[in-house]
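Structure, as C-alpha cells:
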Amino acid sequence: MKRVLNATRVAALIGDFDRSPAYEGVAHGLRDLIIAGRIPTGIRLPSERELTEALGVSRTTVARAYALLRELGFLESRQGSGSVAVLPQSDTHRGDHLLRPTDGGVVAGDVIDLTCAAPSPGPGLMRAYERATAELAPYLGGTGYYPSGLPSLRELVAATFTDRGVPTSADQILVVPGALAGLAVAARALLSAGDRVVVESPTYPNAIAALTEAGARVVGVDTSDRGWDPTTMAATIRQVSPRLAYLVPDFHNPTGALIGDEARDIVARELVRGRTTAVVDESMLDVDLDGGPLPRPFAAYAADTITLGSMSKGYWGGLRVGWIRAPRDRMDALIGARLSLDLGTPVFEQLVAIELLQSREETLAHRRTTLRASRDAALSALATHLPDWRVARPRGGLSLWCELPESGASALAREATRHGVLLTPGPAFAPEGGMDRYLRVPYALPPETMTEAVTRIAAAWRETLDLPKGLTTPRRTLVA
Numbered sequence: 001m002k003r004v005l006n007a008t009r010v011a012a013l014i015g016d017f018d019r020s021p022a023y024e025g026v027a028h029g030l031r032d033l034i035i036a037g038r039i040p041t042g043i044r045l046p047s048e049r050e051l052t053e054a055l056g057v058s059r060t061t062v063a064r065a066y067a068l069l070r071e072l073g074f075l076e077s078r079q080g081s082g083s084v085a086v087l088p089q090s091d092t093h094r095g096d097h098l099l100r101p102t103d104g105g106v107v108a109g110d111v112i113d114l115t116c117a118a119p120s121p122g123p124g125l126m127r128a129y130e131r132a133t134a135e136l137a138p139y140l141g142g143t144g145y146y147p148s149g150l151p152s153l154r155e156l157v158a159a160t161f162t163d164r165g166v167p168t169s170a171d172q173i174l175v176v177p178g179a180l181a182g183l184a185v186a187a188r189a190l191l192s193a194g195d196r197v198v199v200e201s202p203t204y205p206n207a208i209a210a211l212t213e214a215g216a217r218v219v220g221v222d223t224s225d226r227g228w229d230p231t232t233m234a235a236t237i238r239q240v241s242p243r244l245a246y247l248v249p250d251f252h253n254p255t256g257a258l259i260g261d262e263a264r265d266i267v268a269r270e271l272v273r274g275r276t277t278a279v280v281d282e283s284m285l286d287v288d289l290d291g292g293p294l295p296r297p298f299a300a301y302a303a304d305t306i307t308l309g310s311m312s313k314g315y316w317g318g319l320r321v322g323w324i325r326a327p328r329d330r331m332d333a334l335i336g337a338r339l340s341l342d343l344g345t346p347v348f349e350q351l352v353a354i355e356l357l358q359s360r361e362e363t364l365a366h367r368r369t370t371l372r373a374s375r376d377a378a379l380s381a382l383a384t385h386l387p388d389w390r391v392a393r394p395r396g397g398l399s400l401w402c403e404l405p406e407s408g409a410s411a412l413a414r415e416a417t418r419h420g421v422l423l424t425p426g427p428a429f430a431p432e433g434g435m436d437r438y439l440r441v442p443y444a445l446p447p448e449t450m451t452e453a454v455t456r457i458a459a460a461w462r463e464t465l466d467l468p469k470g471l472t473t474p475r476r477t478l479v480a
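For what it's worth, UniProt numbering labels the leading residue of the sequence shown as 1, then goes sequentially.
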C-alpha cells in the first residue's frame, strides 16, 4: 500500500513560507523537507485540493508548486499513486554508504576523526582481560564451540533483563559478535525477500545495509532528537504492514533521543495488533550520562520483541560481544540462522565480557564521567562558534545530531577534511535519501579535542556557505 502524508501534517512541516510568490515558497518548503528526509521518498503527497485547504492558499498556488517540484525532479506523478516525493536522479544526498571504521581508529597527522561514535577503553579493561586469562584453562579441554554462548554469560545477561523488569532465563539469550551481527541473524531468521521493515529516519547506516542485504524493503519514519512521533509511527505501521520494525529507543544513534514509556506503549500496541515483530537495539543503553529513571524496556510492552545488546559502546568496540534476547519460541530459528553465519563467539572474549559485567557499575561510572565532559565541551563550542545551528542536549548516547540552517552537510564534510576533521553527514543515516541539512557529531574524544574539532568545523562551514549553490560533492568512503 502506498504511504500517504496527511495534508495537515505537510502544512505543519512547511510552516511559514515566503509568499512572494507563494507557489515558490510552497515548492521550496517541500523541496527542503524532501532533501532533509522529513518527507521520505516514495511517500504520496496530499492532493492539490487537500493541501490547498490545509495551507489556506489558492488551488493555483499548490498546482504551480507541484509543477515546479516536478520540473526540479522532486516530485513524480504516477498512475494510481498521485504525486510521489522523489530525489533527482543526479542527487548525491543518499544514505547508501556503509560506515567503515579506520584501522584501529588511527588517522594521519593531526586529523580529528569524528566519524566514529565509539569511545576508547576505560581503565578497567586491561584488568578484565587479565582476570579472563585466569578463567580460560577449564575451556581448553573442549572443542571451544558454544553456538548459543557460554552458559555463565547467558545467565548473567538474562539476569540484567530480569532486574529491569523483563523476566528472562538463560535459554532466551543468544551470544553473538555484537548488536549488528545480532540484527543480521534476526533478519536472516525472520525475513523473506521483499518483506517490509520499518526503521527510524535517521538510523544507523550499517543496520540499513544489513536489512537490505537480507532482501528487506526498508521504510523510514521521520524522527528527531526529541524521538518518535508515536502517532506517525503507528500510522506508518498500519499503512505498510511491515514484517519487522528495527527501533533504537534508548539513546538513539545518531539523535541521542530517549523514547518515553507512553510512546513505547502506543507503538508497541500497534506492532502487536499488526503482528509485526520489533527488533530493538539497546547498544547505547549503558551510555546513560545524566542518570535518573529509565523507561521500561520495549520488551515489557511487546512480549514478542527481539532485543539486541552489545559491549562495544559502554566498554570497548574491540570487544566483539553482544547478545540477542528473544521469546523461547523464536530461539531455534535464531540459532539456526546464526549457524549459517558463524559457529559461535570466541570463548576468551566472552570471559572478558563476564568480568566486565560483574564490575559493571564501577566501569561505567568512569565512562559516564569522561563522556559527560566531552559532550558538554562539544555543546559549549557549538553554541559559541555555530550559534545558528540547532542542537539538542542528549541525556545519553555518543553523538549530537545537528540541524544546519540550510542544506549542505555533504559539502561541509568535504570542506572539513581540508581543515583536518573527518565527518559523516546526515545523508549517510537516511534510509530513503535526503537529510543533507543534518550532521552527526560524536563526542567520544577528550573535551579539548572536541572544542578544537568544532572550531575547525565552524571554519569549514563558513567556506561551505561561500560555495555555489547546487554544487554536488563527490562520493567518498565514509568511516564510522
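No residue lacks a Cβ here, since even glycine has one placed at the ideal position from N, Cα and C.
Only a predicted model underlies this, so the values are computations on that prediction, with no experimental measurement involved.
Given residue i, which residues of its chain have a CB within under 8 Å of its CB, disregarding the five upstream and five downstream residues?
i	result
Glu262	Pro230
Trp389	Leu382, Cys402, Glu403, Leu404 and Pro405
Arg19	Gly25
Ala207	Leu180, Leu183, Val199, Tyr246 and Asp281
Gly215	Leu191, Ser192, Ala193, Gly194 and Asp195
Ala132	Phe348, Leu351, Val352, Ile354 and Glu355
Tyr146	Val175, Gly344, Thr345, Val347 and Gln350
Which class does residue i belong to by DSSP, given the choice of helix, strand or coil?
i	result
Arg38	coil
residue 540	With the chain covering only 1 through 480, there is no way to say anything about residue 540.
residue 483	Because the chain is modelled from 1 through 480, residue 483 falls outside the range shown and cannot be assessed.
Glu452	helix
Leu156	helix
Gly282	As written in the sequence, residue 282 is Glu, which differs from the Gly given in the question. Reduced to three states, the DSSP call for Glu282 is coil.
Asp222	strand
Ser410	helix
Val441	strand
Glu415	helix
Pro405	coil
residue 481	Nothing can be reported for residue 481: it is not among the residues displayed for the chain, which extend from 1 to 480.
Thr464	helix
Arg217	strand
Val166	coil
Asp261	helix
Leu125	helix
Phe251	coil
Pro295	coil
Phe17	coil
Glu270	helix
Gly314	coil
Gly433	coil
Pro151	helix
Excluding the five sequence neighbours on either side, which residues of its own chain have a C-beta within less than 7 Å of the C-beta of residue i, listed in chain order?
i	result
Val267	Trp228, Pro230, Met233 and Ala234
Leu114	Val421, Leu422, Leu423, Val441, Pro442 and Ala453
Arg38	Leu13 and Asp222
Val218	Val197, Val199, Ile208, Leu211, Thr212 and Pro431
Glu415	Ala460, Glu463 and Thr464
Tyr357	It should be pointed out that residue 357 corresponds to Leu in this sequence rather than to Tyr. The answer, listed in chain order, is Leu156.
Glu50	Ala7
Thr449	Ile112
Thr363	Gly122, Gly124, Tyr315 and Leu356
Gly56	none
Using C-beta distances below 6 Å, list every residue in its chain close to residue i, excluding the 5 sequence neighbours before and after it, in chain order.
i	result
His129	One detail in the question is off: residue 129 reads as Tyr in this sequence, not His. Closer than 6 Å at the Cβ level, and outside the excluded window around Tyr129, lie Val352.
Pro446	none
Arg368	Leu289
Pro125	The sequence shown places Leu at residue 125, not Pro. Closer than 6 Å at the Cβ level, and outside the excluded window around Leu125, lie Trp316.
Phe74	Arg31 and Ile34
Val4	Arg44
Quickly, what does DSSP pair residue i with across the bridge? List them, please.
i	result
Gly396	Asp288
Gly309	Trp323
Tyr246	Val199 and Val279
Thr115	DSSP lists no partner for Thr115.
Leu174	Ile324
Pro425	Leu439
Val4	Arg44
Q: State whether the region 250 to 263 contacts the region 190 to 206, with contact taken as three or more CB pairs (one from each stretch) at a distance under 8 Å.
A: Put simply, the region 250 to 263 touches the region 190 to 206. At least three CB pairs are less than 8 Å apart.
Q.
Using 8 Å as the cut-off, can you tell me whether the region 452 to 468 makes contact with the region 401 to 420, which would need three or more C-beta pairs spanning the two stretches below that distance?
A. Cβ pair count under 8 Å is three or more, so yes.
Q | Stretch pair the region 371 to 389 + the region 234 to 241: three plus CB contacts closer than 8 Å | A | no
Q. At what residue ranges does the UniProt domain "HTH gntR-type" (20 to 88) contain a whole run of the alpha helix (DSSP H), taking only runs of 4 or more?
A. The UniProt domain "HTH gntR-type" (20 to 88) contains these whole alpha helix (DSSP H) runs: 22 to 36, 48 to 55 and 59 to 72.
Q.
Closer than 8 Å is the cut-off here; do at least three beta carbon pairs connect the region 163 to 172 with the region 322 to 339?
A. yes
Q: Could you tell me which uninterrupted beta strand (DSSP E) segments, each at least 3 residues in length, are contained entirely in the region 319 to 397, listed from first to last along the chain?
A: Whole beta strand (DSSP E) segments, 3+ residues: 322 to 325.
(Q) Does the contact criterion of 3 or more C-beta pairs under 8 Å hold for the region 285 to 301 versus the region 157 to 166? (A) As far as the Cβ criterion goes, the region 285 to 301 touches the region 157 to 166, which means the pair count is three or higher.
Q) Counting Cβ pairs closer than 8 Å, one from the region 372 to 380 and one from the region 332 to 345, do we hit at least three? A) no
Q: Could you name each continuous alpha helix (DSSP H) segment of 4 residues or more that falls completely within the region 125 to 149, going from the start of the chain to the end?
A: 125 to 135
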